[in-house]
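In UniProt numbering, the protein residues as written are 1 to 151. Here is the structure we will look at.
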């Protein structure tokens, strides 16, 4: 049957299964597929454009609801303008990053961490500066394409 090998662990499982058959000859083979770099780049560009569109729609929706809330509360002299009125794409990405990477008491009890998917013993402490840098990279098309390709 067809077995999809996507990483070292799945390859090791496949080769072990073949070796465990204990036969001198086994009819097994690999079919290698390489995606054209141009296709991957086009897909990443389309993803960036779609992400930017969705982001602009979400920012516009947040700004619209904030303006409505300010108008409704304009008679209240104690009304403070919330920071979400001025929310931009960087802040939106920062919120999403913080929601996705909650504090992990194993590493640090106060700050969220990004655990390296290849090595669970390595992590990046997601301080305000680190999250801002990450959010800036996500907003930048060139860095976002690179991010898509490595993750």
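Even glycine gets a Cβ: it sits at the ideal position worked out from N, Cα and C.
- Tell me whether residue 103 sits in a helix, a strand or coil according to DSSP, three-state version. strand
- Task: Just the C-alpha distance for residue 115 and residue 105, rounded to the nearest angstrom, thanks.
- Result: 12 Å
- Query: Short check: CB of residue 111 to CB of residue 126, under 9 Å?
  - Reply: yes
- residue 95: which of 117, 109, 128 sits nearest, CA to CA? 128
- Message: With the cut-off set at 9 Å, would you say residue 97 and residue 131 are in Cβ contact?
- Response: yes
- Item | Beta-carbon contacts of residue 167 that lie in its chain and below 7 Å, excluding the five residues immediately before and after | In the structure as shown, the chain starts at 1 and stops at 151, and residue 167 therefore has no counterpart that could be examined.
- According to DSSP, which residues form a beta bridge with residue 114? 124
- Message: Looking at the secondary structure, which residues open and close the alpha helix (DSSP H) in which residue 12 lies?
- Response: 8-20
- Message: Within 10 Å of its beta-carbon, does residue 135 have 16 or more other beta-carbons around it, so buried, or fewer, so exposed?
- Response: buried
- Leaving out five residues on either side along the sequence, give the residues of the same chain with a beta carbon under 8 Å from the beta carbon of residue 193. This structure cannot speak to residue 193, because the chain is shown only from 1 to 151.
- Can you give the Cα-Cα distance for residue 40 and residue 2, rounded to whole angstroms? 24 Å
- Message: So, for residue 165: in the same chain, excluding its five sequence neighbours on each side, which residues have a beta-carbon less than 8 Å away from its beta-carbon?
- Response: Residue 165 lies beyond the residue range present for the chain, which begins at 1 and ends at 151; the question has no answer from this structure.
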